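Undergrad: Right, I'll just put the structure down here and ask away after.
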Amino acid sequence: MTPAELAQFIDHTLLTPEATRADLQALCEEASIFAVAAICVSPTLLPLEQGQLPDTIATACVVGFPSGAHYPLIKAAEAQQAYEHGAEEIDMVLDLGNVRDKNWGKVQDDIAAVRMAIPDAVILKVIIESAALTDAEIVQCCTIAVDAGAQYVKTSTGFHKSGGATTKAVQLMRQTVGPEIGVKASGGIRSFADAIAMINAGASRIGASATAAILAGAEITAR
8 MTPAELAQFI DHTLLTPEAT RADLQALCEE ASIFAVAAIC VSPTLLPLEQ
58 GQLPDTIATA CVVGFPSGAH YPLIKAAEAQ QAYEHGAEEI DMVLDLGNVR
108 DKNWGKVQDD IAAVRMAIPD AVILKVIIES AALTDAEIVQ CCTIAVDAGA
158 QYVKTSTGFH KSGGATTKAV QLMRQTVGPE IGVKASGGIR SFADAIAMIN
208 AGASRIGASA TAAILAGAEI TAR
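Set out below in structure tokens:
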């Protein structure tokens, strides 16, 4: 896989709490050079300035991040405002407490509230925090996310103590959602080998802040 091909899998990410407008500008400049699929940022970094990012690169925004322990109404409002500020993709965190309680109706209502708050054309990714879940919980969360209208399921926030993406979780998520739904691997992906392993496991997007290192590895491999 060439660096240009790999870049089209990547959501170039800036989610540190202390991120500044200068950091955002650097992110957009890097994203433009790398020609990634999207950037992924926190709500308060939107809207972007006119021309800050090429039209060919999507803008994604996190919602209910990083804990997911927010009322559905709040997540929905956050998603709507992010859309109004230019977000074309929404990465929402589901409520892990409801998952642990096996309160699947509330899990579905949580996702559905966000889906209803944004236009159908806006891509919805649901972060399930796979490293904190059993295999059965991963399957159930993915199934509910698709039923609630999500176009992607996503492994991790990258902030949970249980860890980030694993190839095992990505494989299970891909098996569960089938070929038509996206799977985003995120959390701890820092090298070309990491990214390729996730893609081979079934990931159709990679969330990473280490984009430069990942693509540098692709460049070396392609020589």
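Read in the working numbering, the sequence shown has 103 at position 96, and its numbers run on one by one without any break. Idealized CB from N, CA, C, for every residue including glycine. Since the structure is predicted, the reported quantities are computational estimates derived from the model, not experimental observations.
Ignore the nearest five residues each way along the sequence and tell me which others in Gln-59's own chain have a CB closer than 6 Å to its CB.
TA: As a working note, residue 59 is residue 52 in the sequence shown. Excluding residues within five positions, the ones whose Cβ falls inside 6 Å are Cys-35.
Undergrad: Rounded to whole angstroms, what's the CA-CA distance from Ser-198 to Ala-29? Just pull it up for me.
TA: Position 191 of the sequence shown, counting from 1, holds the residue named residue 198. Position 22 of the sequence shown, counting from 1, holds the residue named residue 29. Their Cα atoms are separated by approximately 25 Å.
Undergrad: Ile-221: beta carbon under 7 Å from a heavy atom of the ligand FAD?
TA: No copy of the ligand FAD occurs in the structure displayed, which carries no ligand at all.
Undergrad: Does the separation of the CB atoms of Gly-156 and Ala-119 fall below 8 Å?
TA: Indexing the sequence shown from 1 puts residue 156 at position 149. Indexing the sequence shown from 1 puts residue 119 at position 112. Yes, Cβ-Cβ distance for Gly-156 and Ala-119 is below 8 Å.
Undergrad: Would you check if the distance between the CB atom of Val-106 and the CB atom of Leu-80 is smaller than 8 Å?
TA: The residue given as residue 106 occupies position 99 in the sequence shown. The residue given as residue 80 occupies position 73 in the sequence shown. No.
Undergrad: Relative to the C-alpha of Met-99, which residue among Ala-204, Ile-135 and Ala-44 is closest?
TA: Taking the sequence shown and counting its residues from 1, the one referred to as residue 99 is at position 92. Comparing Cα-Cα distances from Met-99 to each of Ala-204, Ile-135 and Ala-44, the minimum goes to Ile-135.
Undergrad: Buried or exposed, going by whether 16 or more other CB atoms sit within 10 Å of the CB of Ile-227?
TA: Residue mapping note: residue 227 aligns to position 220 of the sequence shown, counting from 1. With fewer than 16 other Cβ atoms within 10 Å, it is exposed.
Undergrad: So the alpha helix (DSSP H) Asp-98 belongs to, where does it begin and stop?
TA: For the purposes of this step, residue 98 is taken as residue 91 along the sequence shown, with counting starting at 1. Element bounds for Asp-98: not the alpha helix (DSSP H) but the beta strand (DSSP E), 96-100.
Undergrad: Run the CB neighbour count on Met-123, radius 10 Å, all protein chains shown included, and call it buried at 16 or more, exposed below.
TA: As a first step, residue 123 is located in the sequence shown; it is residue number 116 there, counting from the start. Flag for Met-123 reads exposed.
Undergrad: Return the first residue and the last residue of the alpha helix (DSSP H) that Thr-63 is part of.
TA: Taking the first residue of the sequence shown as 1, we reach residue 63 at position 56. Counting along the chain, Thr-63 falls outside any alpha helix (DSSP H), and DSSP gives it neither H nor E.
Undergrad: Under 8 Å, do Ala-33 and Gln-15 count as touching if we go by C-beta distance?
TA: For this step, residue 33 is matched to residue 26 along the sequence shown. For this step, residue 15 is matched to residue 8 along the sequence shown. No. Outside cutoff.
Undergrad: What are the complete alpha helix (DSSP H) segments, minimum 4 residues, inside the segment 102-143?
TA: The segment 102-143 contains these whole alpha helix (DSSP H) runs: 103-107 and 111-124.
Undergrad: Identify, in the order they occur along the chain, each residue of the same chain with its Cβ nearer than 6 Å to the Cβ of His-77, setting aside the five sequence neighbours on each side.
TA: Numbered from 1 along the sequence shown, position 70 holds the residue referred to as residue 77. Taken in chain order, the residues that qualify are Gly-71.
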